[in-house]
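Asks: First the structure, then my questions, so here it is.
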């Protein structure tokens with residue numbers, strides 16, 4: 344089994360030629376690495392963690408170009424169809440559902456969106472980057488109206504003895520039971536000014552063997568930023584020397600065992 348990262352929260356998981364895709368997003372910072380919609384459309388079925396624009400904006404185009412099914416919450420399904428996704432390809436799912444997709448068994452869990460802290464909000468709004476990217480900022484605000492969050496979903500992807508727990512936003516629900524000891528925990532590393540220490544309780548609770556970071560790139564300035572992952576990786580190495588932290592490069596496949 345392999346995992347590849349294609350910017351923002353877009354991940355592709357593959358085994359023996361079968362691929363599934365999570366949160367494909369190509370409307371990115373023009374200075375960021377890019378992958379084309381036709382390439383994404385050939386990757387396989389799509390699973391959405393929540394409805395925000397950086398997780399769903401390009402999904403209707405990707406779905407329309409290929410034949411992939413799109414699995415997402417009911418509210419996100421309505422929005423995707425409204426925005427042009429073929430209705431026959433969109434499948435509404437809920438926490439508790441189990442989906443068999445090729446060699447993978449995918450269990451749907453209830454998730455929660457990260458809460459931005461005040462320091463990050465002030466750093467974002469009172470920053471020269473806002474002036475430099477004001478047009479992009481206005482476009483993002485307009486886009487948000489058409490991309491409501493909906494139910495946040497977390498996915499447990501299993502193949503034989505390998506389990507991946509994939510989060511699209513860094514938070515957990517108090518009333519959901521999450522599996523511990525996954526082979527890999529996919530961690531979206533954006534949305535707080537204190538990410539290294541904020542993330543640690545989730546690592547302690549879930550006890551994964553490895554951590555695969557994503558969403559750390561400056562995809563949609565001035566709202567996003569390029570997050571330095573090195574401090575977190577060093578902290579994990581010190582506190583949990585048995586864990587591996589993967590800071591992926593764009594488009595590179597990482598084997599998972």
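In our numbering, the protein residues as written are 344 to 600. Just so it is clear, CB atoms sit at the ideal spot from N, CA and C, and this is done for glycine as well.
(1) Can you pull the DSSP bridge partners for residue 454?
(2) For the beta strand (DSSP E) containing residue 364, name the first residue and the last one.
(3) Where DSSP assigns a beta bridge to residue 356, which residues make up the other side?
(4) If I measure Cβ to Cβ from residue 601 and keep anything under 6 Å in the same chain, skipping five residues before and after, which residues do I get?
(5) Looking at C-alpha atoms only, which residue of 562, 566, 367 and 556 is the closest neighbour of residue 575?
(6) What three-state label does DSSP hand residue 426 in the structure shown?
(7) Have a look at residue 408 and residue 381 and give me their C-alpha separation to the nearest angstrom.
(8) Would a C-beta distance cut-off of 8 Å place residue 496 and residue 427 closer than the cut-off?
(9) From residue 467 to residue 481, what does the alpha carbon distance come to, in whole angstroms?
(10) In angstroms, rounded to a whole number, what distance separates the CA positions of residue 583 and residue 425?
(11) What residue range does the beta strand (DSSP E) around residue 556 cover?
(12) Run through DSSP, which three-state label would residue 448 get?
(13) At which residues does the beta strand (DSSP E) containing residue 543 begin and terminate?
(14) Pick out whichever of 499, 394 and 494 has its Cα sitting closest to the Cα of residue 486.
(15) Let me confirm a value: residue 474 is counted as buried when at least 16 other C-beta atoms fall within 10 Å, else exposed. Which label applies?
(16) Note down the Cα distance separating residue 361 from residue 561, rounded to an integer number of angstroms.
(17) Specify the secondary structure class of residue 593 as computed by DSSP and reduced to three states.
(18) Roughly how many angstroms lie between the CA atoms of residue 523 and residue 457, to the nearest whole one?
(19) Could you check the C-alpha separation between residue 444 and residue 565 for me, to the nearest Å?
Replies: The short version:
(1) 515
(2) 361-365
(3) 346 and 363
(4) Because the chain in this structure spans residues 344 to 600, residue 601 falls outside the shown range and cannot be described.
(5) 556
(6) coil
(7) 7 Å
(8) no
(9) 14 Å
(10) 46 Å
(11) 553-557
(12) strand
(13) Not the beta strand (DSSP E): residue 543 falls in the alpha helix (DSSP H), residues 538-549.
(14) 394
(15) exposed
(16) 30 Å
(17) strand
(18) 20 Å
(19) 37 Å
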